[in-house]
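Chains as they are written, first to last, in the numbering used here: chain B, 1 to 138; chain D, 1 to 138.
Notes for the one structure printed next.
Protein chains: 2
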Amino acid sequence: MNIGQASKASGVNAKMIRYYESIGLIPAAGRTPAGYRVYTDAEVNTLRFIHRARQFGFPMERIRLLVGLWRAHQPSREVKQVALKHMAELERRIVELTAMRDALKELADHCRGDHQPECPILRDLAGSKTPGAAAQAA
Amino acid sequence: MNIGQASKASGVNAKMIRYYESIGLIPAAGRTPAGYRVYTDAEVNTLRFIHRARQFGFPMERIRLLVGLWRAHQPSREVKQVALKHMAELERRIVELTAMRDALKELADHCRGDHQPECPILRDLAGSKTPGAAAQAA
DNA sequence: ATGGGGATTCCCATCGTTGTAAGGTCAAGG
DNA sequence: CCTTGACCTTACAACGATGGGAATCCCCAT
């Protein structure tokens, strides 16, 4: 199996496969005499694992951890701990973005959006010393 | 006003002020004979505007746009349009992250988290061909 | 043998921010 | 006058993960 086939089978872009190898997330693949990378089913499984973990938003370093736990059949406590930590970070980010969206919505809702330059959004950006002013007004 | 004072007054890191200048987001500041950058109150206001826009998560290119609209007293319609586009992107990201968190929570909730290696999280990462399997099972 | 598709390596760009290194400048105090 | 420390200057690199492209090479089929 060469890198193109491994890519299709795992869902991981060929370019990314080489990158994962370069950062040591996966061991260096075998090579044909001509220098082409060769992948076994087991290696494709690992790539699929990584791909799926990326879909969950896990950062590479945590994926490195997860792959290690997986291959070494470590206690599920360890795995769960990593997952919970990631979920907490997702949650943090969600809260952040939601706050941005809501604050912005508050301003946009009061913006006429017509031909006149007067605009609560610009007023807030330009002048607000107290970031919560819009929310407080709401 | 030198860059340190402008930084404190605007909330924008001095390093970032130089960066914003380098990418043309703000015009090059005046200089003292010794080469120190000098800032007026108006320039600090612009920096504060940028700082606030960053807090709303606006990417630089959109901030460049907003600063332009602001300074040229353009119709609020333009401003609102930019804000709405950004809100839509925030929303997209929120939905993405929420889906990740929920799917992960579903798996973590069913993980014993004990000394045994058996773990729904790893099972999903390793084997799921259908990304929605966990959600469907729920 | 020729062509096309796929492989290789290497470099560059993203986006916003931070860090570091090596220097110049200013103001205060001994 | 000299030192000290805080501040400024430029320039370069790194981050995380990915995409793009160039130049070259390999394999297979016609």
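Ideal placement from N, C-alpha and C gives every residue a C-beta, glycine not left out.
Nothing here was measured: the structure is a model prediction, and the numbers come from that model.
Close-in-space but distant-in-sequence residues of the same chain around residue i (CB under 7 angstroms, 5 per side omitted)
i, result
"ILE94 of chain D", "none"
"TYR36 of chain B", "ASN2"
"ALA14 of chain D", "ILE3, GLY4, SER7"
One or two residues paired with residue i in a DSSP bridge
i, result
"ARG52 of chain D", "The partner list for ARG52 of chain D (beta bridge, DSSP) is empty, contrary to what the question assumes."
"ARG37 of chain D", "D:ARG31"
Residue-level contact to chain B via CB, residue i, 8 angstroms cutoff
i, result
"ASN13 of chain D", "no"
"LEU90 of chain D", "yes"
"HIS86 of chain D", "yes"
"HIS115 of chain D", "yes"
"ILE121 of chain D", "yes"
"MET1 of chain D", "no"
"ALA83 of chain D", "yes"
"GLN5 of chain D", "no"
"MET16 of chain D", "no"
"MET189 of chain D", "Nothing can be reported for residue 189 of chain D: it is not among the residues displayed for chain D, which extend from 1 to 138."
"ALA108 of chain D", "yes"
"ALA126 of chain D", "yes"
"MET62 of chain D", "A small correction: the amino acid at residue 62 of chain D is Arg; Met does not occupy that position in the sequence shown. Answer no: the Cβ-Cβ gap between ARG62 of chain D and chain B never drops below 8 angstroms."
Short CB-CB distance (under 8 angstroms) between residue i and chain D
i, result
"SER76 of chain B", "yes"
"ALA9 of chain B", "no"
"GLU141 of chain B", "Residue 141 of chain B cannot be examined here, being either before or after the span of chain B that is shown, 1 to 138."
"LEU25 of chain B", "no"
"LEU65 of chain B", "no"
"LEU104 of chain B", "yes"
"VAL79 of chain B", "yes"
"LEU47 of chain B", "no"
"ALA135 of chain B", "Only weak support is given to the placement of ALA135 of chain B: the predicted model assigns it a pLDDT of 38, under 50, and the value that follows is read from those uncertain coordinates. Not closer than 8 angstroms to any Cβ of chain D, the Cβ of ALA135 of chain B fails to qualify, so no."
"ARG52 of chain B", "yes"
"PRO131 of chain B", "At PRO131 of chain B, the pLDDT of 43 sits below 50, so the modelled position is not reliable; the number obtained from the coordinates is stated separately. Interface residue, yes."
"ARG37 of chain B", "no"
"GLY57 of chain B", "yes"
Proximity to residue i [Cα-Cα], best of the options
i, options, result
"HIS110 of chain B", "D:SER76, D:ALA99, D:GLU61, D:HIS115", "D:SER76"
"GLN116 of chain B", "D:GLU96, D:ARG48, D:VAL79", "D:VAL79"
"GLN55 of chain D", "B:ARG112, B:GLY113, B:PRO120, B:LEU104", "B:LEU104"
"ARG92 of chain D", "B:HIS51, B:SER7, B:ARG112, B:MET100", "B:MET100"
"ARG112 of chain D", "B:GLN74, B:ASP114, B:ASP102, B:GLU118", "B:GLN74"
"HIS51 of chain B", "B:LEU69, B:TYR20, B:GLY68", "B:TYR20"
"ASP102 of chain B", "D:GLY68, D:MET87, D:ASP114", "D:MET87"
"LYS85 of chain B", "B:GLU61, B:TRP70, B:GLY68", "B:GLU61"
"GLY127 of chain B", "D:SER22, D:ALA53, D:ALA34", "D:ALA53"
"ALA42 of chain D", "D:LEU90, D:ASP114, D:VAL67", "D:VAL67"
Sequence-distant residues of its chain with Cβ nearer than 8 angstroms to residue i (five each side left out)
i, result
"VAL38 of chain D", "MET1, ASN2, ALA29, GLY30, ARG31, THR32"
"LEU107 of chain D", "PRO120, ILE121, ASP124, ALA134"
"LEU65 of chain D", "VAL82"
"GLU118 of chain D", "ARG112"
"ASP114 of chain B", "none"
"LEU90 of chain D", "GLY57"
Beta-carbon proximity of residue i to residue j, cut-off 8 angstroms
i, j, result
"ALA72 of chain D", "VAL44 of chain D", "no"
"GLY57 of chain D", "LEU125 of chain B", "no"
"ILE26 of chain D", "THR46 of chain D", "yes"
"GLY11 of chain B", "ARG48 of chain B", "yes"
Cβ-heavy atom distance, residue i to the ligand GDP, below 7 angstroms
i, result
"VAL95 of chain D", "Looking for the ligand GDP in the displayed structure turns up nothing, as the structure carries no ligands at all."
Close beta carbons around residue i, own chain, < 6 angstroms, minus the five adjacent residues each side
i, result
"GLN136 of chain B", "Residue confidence for GLN136 of chain B is low, a pLDDT of 34 falling below 50, so the modelled location carries little weight; the figure read from the coordinates is stated next. So the list is empty, once near-sequence residues are dropped."
"LEU69 of chain B", "GLU78, VAL79"
"ALA34 of chain D", "none"
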